[in-house]
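Q:
Protein chains: 4
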Amino acid sequence: MNSYGTLFRISTFGESHGPAIGVIIDGCPAGLSIDENFIQSELNRRKPGQSKITTQRKEDDTFKILSGVFEGLSTGTPIALVIENQDQRSKDYSHIQNTFRPSHADFTYESKYGVRDYRGGGRSSARETAARVAAGAIAKLLLKNSGVEISAFVSQVGELKVPPYTELDLSKTEETIIRCPDPATAEKMIALIDEVRLARDTIGGIVTGVIKNSPVGLGEPVFDKLHAELGKAMLSINAVKGFEYGSGFEGVKLRGSQHNDEFVKEGGRIRTKTNHSGGVQGGISNGEDIYFNVAFKPVATIMQDQPSVDKDGNEAIVSGKGRHDPCVVPRAVPIVEAMAAIVMADFLMRNKVAKLS
Amino acid sequence: MNSYGTLFRISTFGESHGPAIGVIIDGCPAGLSIDENFIQSELNRRKPGQSKITTQRKEDDTFKILSGVFEGLSTGTPIALVIENQDQRSKDYSHIQNTFRPSHADFTYESKYGVRDYRGGGRSSARETAARVAAGAIAKLLLKNSGVEISAFVSQVGELKVPPYTELDLSKTEETIIRCPDPATAEKMIALIDEVRLARDTIGGIVTGVIKNSPVGLGEPVFDKLHAELGKAMLSINAVKGFEYGSGFEGVKLRGSQHNDEFVKEGGRIRTKTNHSGGVQGGISNGEDIYFNVAFKPVATIMQDQPSVDKDGNEAIVSGKGRHDPCVVPRAVPIVEAMAAIVMADFLMRNKVAKLS
Amino acid sequence: MNSYGTLFRISTFGESHGPAIGVIIDGCPAGLSIDENFIQSELNRRKPGQSKITTQRKEDDTFKILSGVFEGLSTGTPIALVIENQDQRSKDYSHIQNTFRPSHADFTYESKYGVRDYRGGGRSSARETAARVAAGAIAKLLLKNSGVEISAFVSQVGELKVPPYTELDLSKTEETIIRCPDPATAEKMIALIDEVRLARDTIGGIVTGVIKNSPVGLGEPVFDKLHAELGKAMLSINAVKGFEYGSGFEGVKLRGSQHNDEFVKEGGRIRTKTNHSGGVQGGISNGEDIYFNVAFKPVATIMQDQPSVDKDGNEAIVSGKGRHDPCVVPRAVPIVEAMAAIVMADFLMRNKVAKLS
Amino acid sequence: MNSYGTLFRISTFGESHGPAIGVIIDGCPAGLSIDENFIQSELNRRKPGQSKITTQRKEDDTFKILSGVFEGLSTGTPIALVIENQDQRSKDYSHIQNTFRPSHADFTYESKYGVRDYRGGGRSSARETAARVAAGAIAKLLLKNSGVEISAFVSQVGELKVPPYTELDLSKTEETIIRCPDPATAEKMIALIDEVRLARDTIGGIVTGVIKNSPVGLGEPVFDKLHAELGKAMLSINAVKGFEYGSGFEGVKLRGSQHNDEFVKEGGRIRTKTNHSGGVQGGISNGEDIYFNVAFKPVATIMQDQPSVDKDGNEAIVSGKGRHDPCVVPRAVPIVEAMAAIVMADFLMRNKVAKLS
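Sequences listed follow chains U, S, A and D, in order. To convert, count from 1 in the first sequence and add 21; that's the working numbering. To convert, count from 1 in the second sequence and add 21; that's the working numbering. To convert, count from 1 in the third sequence and add 21; that's the working numbering. To convert, count from 1 in the fourth sequence and add 21; that's the working numbering.
#1: Using the beta-carbon count (16 or more within 10 Å), is L102 (chain S) buried or exposed?
#2: I need the boundaries of the beta strand (DSSP E) containing N23 (chain U), first residue and last residue.
#3: Which term fits I245 (chain A), buried or exposed, when burial requires 16 or more other beta carbons within 10 angstroms of its beta carbon?
#4: Between D:L94, D:F91, D:K133 and D:E105, which lies nearest to D82 (chain D) when the distance is taken from Cα to Cα?
#5: Check the C-beta distance from L224 (chain U) over to S278 (chain S) and give it rounded, since I have them as a contact under 8 Å.
#6: How far does the alpha helix (DSSP H) with G277 (chain D) in it extend, from its first residue to its last?
#7: Any Cβ of chain D within less than 8 Å of the Cβ of S172 (chain U)?
#8: For Q118 (chain S), which of helix, strand or coil comes out of DSSP?
#9: Spell out the partners DSSP gives R380 (chain A) in its beta bridges.
#10: I need the straight-line Cα distance from Y130 (chain U) to G238 (chain S), nearest angstrom please.
#11: Taking the alpha-carbon positions, what's the N296 (chain U) to I171 (chain S) distance?
#12: For G263 (chain D), does the three-state DSSP call read helix, strand or coil?
#13: Can you find the residues in the same chain that come closer than 6 Å, C-beta to C-beta, to E283 (chain S), ignoring five residues on each side of it along the sequence?
#14: Taking Cβ positions, are R144 (chain A) and E36 (chain A) nearer each other than 8 Å?
#15: At 4 residues or longer, and completely inside the segment 77–165 of chain A: list those alpha helix (DSSP H) runs for me, N to C.
#16: Along the beta strand (DSSP E) that carries I338 (chain U), what are the first and last residues, could you check?
#17: R371 (chain A) touches chain S at which residues, Cβ-Cβ below 7 Å?
#18: Which same chain residues, not among the five before or five after D56 (chain D), have their C-beta less than 7 Å away from its C-beta?
#19: When we look at the beta-carbon of S54 (chain A) and count the other beta-carbons within 10 Å, is it buried (16 or more) or exposed?
#20: Just curious, the beta strand (DSSP E) that K286 (chain A) is in, first and last residue?
#21: Kindly indicate which three-state DSSP category E188 (chain S) falls into: helix, strand or coil?
#22: Pick out whichever of S:L256, S:D326 and S:P50 has its Cα sitting closest to the Cα of V315 (chain S).
#23: Would you mind working out which of U:V357, U:A260, U:G142 and U:L219 sits nearest S298 (chain S), comparing C-alpha positions?
#24: Give the residues from the segment 40–71 of chain S that approach chain A closer than 8 Å (Cβ to any Cβ), ordered along the chain.
#25: What residues from chain U crowd round F34 (chain D), counting only those whose CB sits closer than 9 Å?
#26: Threshold first: 3 residues or longer. Then list the beta strand (DSSP E) segments lying entirely within the segment 184–254 of chain S, N to C.
#27: Taking the CB atoms as reference points, tell me whether E358 (chain U) and G157 (chain U) lie closer together than 8 Å.
#28: Specify, as a first and last residue, the run of the beta strand (DSSP E) that S172 (chain D) falls within.
#29: Are there 16 or more other CB atoms within 10 angstroms of the CB of A205 (chain D), so buried, or fewer, so exposed?
#30: Give a yes or no on contact between the segment 222–236 of chain S and the segment 71–79 of chain S, applying the rule of three or more CB pairs nearer than 8 Å.
#31: Step through the CB atoms of chain A and report whether any lies within less than 8 Å of the CB of G288 (chain S).
#32: Flag this pair as yes or no: are the beta carbons of G252 (chain D) and K253 (chain A) separated by less than 8 Å?
#33: With a Cβ-Cβ cutoff of 8 Å, do F91 (chain S) and V136 (chain A) count as a contact?
#34: So V231 (chain U) packs on L191 (chain U), CB below 8 Å; how close in whole Å?
#35: Quick check: is the beta carbon of K376 (chain D) nearer than 8 Å to any beta carbon in chain S?
#36: Relative to the C-alpha of D333 (chain A), which candidate in D:K286, D:Q71 and D:I74 has its C-alpha closest?
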């Protein structure tokens, strides 16, 4: 199913080279002011052609709201939002009609469905994430009402990485085209990506997400733990290979006595001195910062000839064509934020029925 | 909601010190032979008191099937399975009635619900995972029909780690109490855990899961990608801090030209030469091994006095009491397998409606 | 799937002659006082052997809560509730192992699943409704907090029917064994059922449900309209053949000018003068009484020999055996109430997220 | 939530006077030939302005498929289908901005959401059903593959009714503008509606649905019984007040010995001699005709002045304006068929996982 969320629920549709992509948001509470400029600005952060280190493909990604908003306010009915595909150029893709691109979804879609829209990856194209960013913008508007702040930034490209987020000034993220708030590292990352691009290759990276001012109590015990849903949401983004939160994979090396977060009373409320928990305990937010890392593999489309097979298993060459990203992470930042916002908006709604009021 | 899965759907219930815990499996197809001995053997792999490096607490974890099985076969109706709690000893827990244990779910449950069964963590206790293991055993029986094989093992404790799974003989996993198939490392891990235990401390580790012989085509595009559901399922296990599959976090350092898995025809079917994809492309299985790592933090309960606060924010001391695991990973192995089996069983069912037949 | 409800969600399990039946209630908000005596009293209203016009079979229907309640309060975790089957007497059912009882589910279950627990109808037995009544009792406790009152009564047996509910004193429903609040008609109904019983036959009837003091705003537009969910819930009860609300089937004969309910201001709030709408407009409660009729067919098990076929299509005789109800409606009253309560509790929860607060 | 169905799942969106309405169909299996002409012909059966007894409003209801179909075949990805709203004429509706039309959803939407698109009823307009008809057309294409035939017809207008469906030639339904296959009654119905229309009033009616050639085994036990889902689907259509199947409300008057359907072997398969069961036993199809009645109230919009109140409870007059249907049933026929098709398509898919194959 192409839906995500329980109460704040999004359903996306669309192929990269069909007439349009879009999303229905069902469960947005009535009375929310829908700021269309903000939605567009979020889409602009994701759109191709922003800078020299992203694909030079041009897509405007202008959207149209078809329903669910009346005189600027959400009405409680489904918000349908459509983005027309402009840069279709389907001829570019005929060469891969019968050949499976390495580490793409061509082979698996063909096997699963027997029929597929091969143009630009069709449904498996990362273009689908534009619909998520639009929905995420609405989730952000909803969260703003509750004071929750969502941000993300590039924390690693290849082997280049930044210090822990607590040592960074996250307000600087948008100042560099790589969306890394550490200016010195940002510069190196940009240089590295440029080098990789010239080598007609691609490289991976990590996006770190930080959620501030979450209310205590979001997340559901057992299966729908806050971090489990965050993990699923992030892993559902194209090219993601891993997710960790709080102390993450490094935390396995610690002793319990080092890892435990001591409770203290501070500023009139119960807080923790350290935050290895990443703001989540037992699957439920404890009011501290929620932070997590999302690993993106190197983009599979490279500007090189690669050996492969066709539908019938015959050897074939896949040639790199078109305009693609040498590294996905700068454009992934708004996508990570969008998915985080959708997860948090959903849990905010779900928490309204946790106890008798 | 305390349910997981779309078509093969499990719903667990129960607190660690209530009358019983259990699970309903809804959507198990009719006609499956339900081997109760196998279910018990899986529960035995998870139960406490197995070895010197696990908690010495004794729980038999014998189960009873209340419905859904007739003359040894599943009937297509819900399979309800109950495990009575025997070792309740509630008096042990009165001391934490009003105090929040560090890095446990006491504070978040109290905040979310206003009322909670504080005995042994109640619903947040890892005891809930026994219900998952029982359900996972039934999922394994279902997968066996399709030839899918699920296994897991301990790949890291603290800083001690094993080589990649492809260099190991996974049939040796159950030969050591740590459930690590690399005998030399296993010995060191056991010694390390023993040392940690004597220091009244705990330590984290990693469990690696491997799924062999998956049919091509399992997993759903977009949100319910195979690895996204695996990730959610793993992250929903108590104490898990991270999930990665295929090349994972290390993969971000590679170039696309290194990372891409070349397609070849081999043995009459299309395969990949390498497997950085971890058996999943575009969220859908490609027939190669699916492998992933699950990071477990050090157990939060340590046999030491820890400063904390009580409900009212007053300072309080939490004393380590009872019998607990110094390291969770050996007992986590069957839990990881169970959740992987549930995910795969669900996708196996879902795939039956992917195309017109 | 054996679940019903979105936020207040019940999942039932169990066969009539297995070890137990039961229900998990997931989504009951924390802090609700769970009155076990009330649950038992509701089960007693449904249980067999209450009077001369119901089956003489004896089942105690005592229940046990396994989870989700701590010191008398719901904790927000799943409430598992089990009722053991006592009067199993499986030998009674061997004669129908291979023969399909007319107008029962034997043939359809056999065709759908290939295997079934034939004893007493197994999963298709109306015994399953005991689990609904237990869950409904908890829903009633939740609704009581909001002032919502659920009631039902027998309004028709065969051709005998009572005046509209507005002309009846519903507090008299429990005063007669037929659960009809119109004493004169009640007496005739009892005599009719007795006559039918002596003729070794069965008869149908209608149960009317009335929901008073519903808040305005419950129900969701489009598919999950309040009356659509009530209809589904009622139609899911064994032996139900029809559902109508408000003016119902009779309403089709009216003109719009007769049928429309005029709005007026009364007692400080907006009300309608008439109530052909049955308290629901556009799928959403308007604060007036919600009332509806549920048609029950005559019980399929009759104390007569009936021609039928066996699994292989050979002619066979089904003999009426055992102790069965000559008319299902008196025992159906608490079941109708239970399902109505579950529907309303669910919508009460869902409505908490309809608008920004 | 604005979605219906479990595996074949539709989600509709749109207000009557917004830019567009539409539907996403998620779960349509890949490889289905999508006949766009057929979809349009179904939409044409529902559209306004067809005949003198329907509204004279003109809407073309032409649709556009945005995704999920490639070279004429479904691809297994979501099919998004949009119908632009052409006849908006919003000025017509300003007079009801603050006044509640009797027996419409104005008051309940206003109360539930605090904000609403009042133009033409907005989301509560029956215009939403065009999206259902489009989705139903695709469901019909899917069912055709399995031989299932869906039909519906007008069986009653006011007090005028036709004989049982088994005595009618259903192929004649489309021959009259009233969609009643009994020519003599059809003529009377048309005359009655015309009379009502001239009196500036409206009238109700009944649509009967008949499903032929259903496979045995569709429907799920307990809550998702075939007839319970059919009931919900029908009751979710605007203006519906009741649903009954098989013997329905009349069946309550029968004895069990009259009502039971005797099993016989006929034509190599097990059938029933009579069909009071309406093709469904224990919630599961038995292969006989599934038939049901759907009661529609008289249209609430009448061409008369009606007393009402405004938002503040002040007395106000609602004047009948615009072009509306004097009787909804002729245009409801394709809607009933569409919803029946969607229910059956969903159960067809769900049944594929009922047993091990």
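Ideal Cβ positions, reconstructed from N, Cα and C, are used throughout, including at glycine. Nothing here was measured: the structure is a model prediction, and the numbers come from that model.
A: This is what the structure gives:
#1: Around the beta carbon of L102 (chain S), 16 or more other beta carbons sit within 10 angstroms, so the residue counts as buried.
#2: Premise fails: N23 (chain U) is in no beta strand (DSSP E) and is neither H nor E.
#3: Checking the sequence, you will find Asp at residue 245 (chain A) rather than Ile. The residue is buried, with at least 16 neighbouring Cβ atoms inside 10 Å.
#4: Looking from the CA of D82 (chain D), the closest CA among D:L94, D:F91, D:K133 and D:E105 belongs to D:E105.
#5: The identity of residue 224 (chain U) in the sequence shown is Ile, whereas the question assumes Leu. Their Cβ separation, rounded to whole angstroms, is 10 Å, which puts I224 (chain U) and S278 (chain S) out of contact at 8 Å.
#6: From DSSP, the alpha helix (DSSP H) with G277 (chain D) extends over G277 to H280.
#7: Interface flag for S172 (chain U) against chain D is unset, since no Cβ pair is found closer than 8 Å.
#8: Three-state result, Q118 (chain S): coil.
#9: Lying before the first or after the last residue shown, residue 380 (chain A) is absent from chain A, which here runs from 22 to 378.
#10: In a straight line, the C-alpha of Y130 (chain U) is about 7 Å away from that of G238 (chain S).
#11: One C-alpha to the other measures close to 34 Å.
#12: In the three-state reduction of the DSSP assignment, G263 (chain D) falls in the strand class, which pools E and B.
#13: Closer than 6 Å at the Cβ level, and outside the excluded window around E283 (chain S), lie K294.
#14: Yes, they are a contact pair.
#15: Taking only runs of at least 4 residues, the alpha helix (DSSP H) segments lying wholly in the segment 77–165 of chain A are 127–134 and 150–165.
#16: E336 to V339 is the span of the beta strand (DSSP E), which, as asked, contains I338 (chain U).
#17: Those do not exist, as R371 (chain A) stays about 14 Å from chain S at its closest Cβ, beyond 7 Å.
#18: L162.
#19: By the neighbour-count definition (other C-beta atoms within 10 Å, threshold 16), S54 (chain A) is an exposed residue.
#20: Element bounds for K286 (chain A): F284 to E287.
#21: Reduced to three states, the DSSP call for E188 (chain S) is helix.
#22: The shortest C-alpha to C-alpha distance from V315 (chain S) to any of S:L256, S:D326 and S:P50 is the one to S:L256.
#23: Residue U:A260 is the option with its Cα nearest to S298 (chain S).
#24: Answer in chain order: P40, A41, I42, G43, I45, D47, G48, A51 and G52.
#25: Within 9 Å Cβ-Cβ: I45, D47, L87, S88, G89, T98, P99, I100 and A101.
#26: Listed in chain order, they are 226–233.
#27: Contact: yes.
#28: For S172 (chain D), the enclosing beta strand (DSSP E) stretches over residues E170 to V178.
#29: With fewer than 16 other Cβ atoms from the protein chains shown falling within 10 Å of its own Cβ, A205 (chain D) counts as exposed.
#30: No, because fewer than three Cβ pairs between the segment 222–236 of chain S and the segment 71–79 of chain S fall closer than 8 Å, the two stretches do not touch.
#31: Not an interface residue.
#32: Their beta carbons are under 8 Å apart, which means G252 (chain D) touches K253 (chain A) by this criterion.
#33: For F91 (chain S) and V136 (chain A), yes; Cβs fall inside 8 Å.
#34: Contact flag correct, Cβ pair sits at about 7 Å.
#35: Contacts with chain S at 8 Å (Cβ-Cβ) include K376 (chain D).
#36: Proximity to D333 (chain A) across D:K286, D:Q71 and D:I74 peaks at D:K286, based on C-alpha coordinates.
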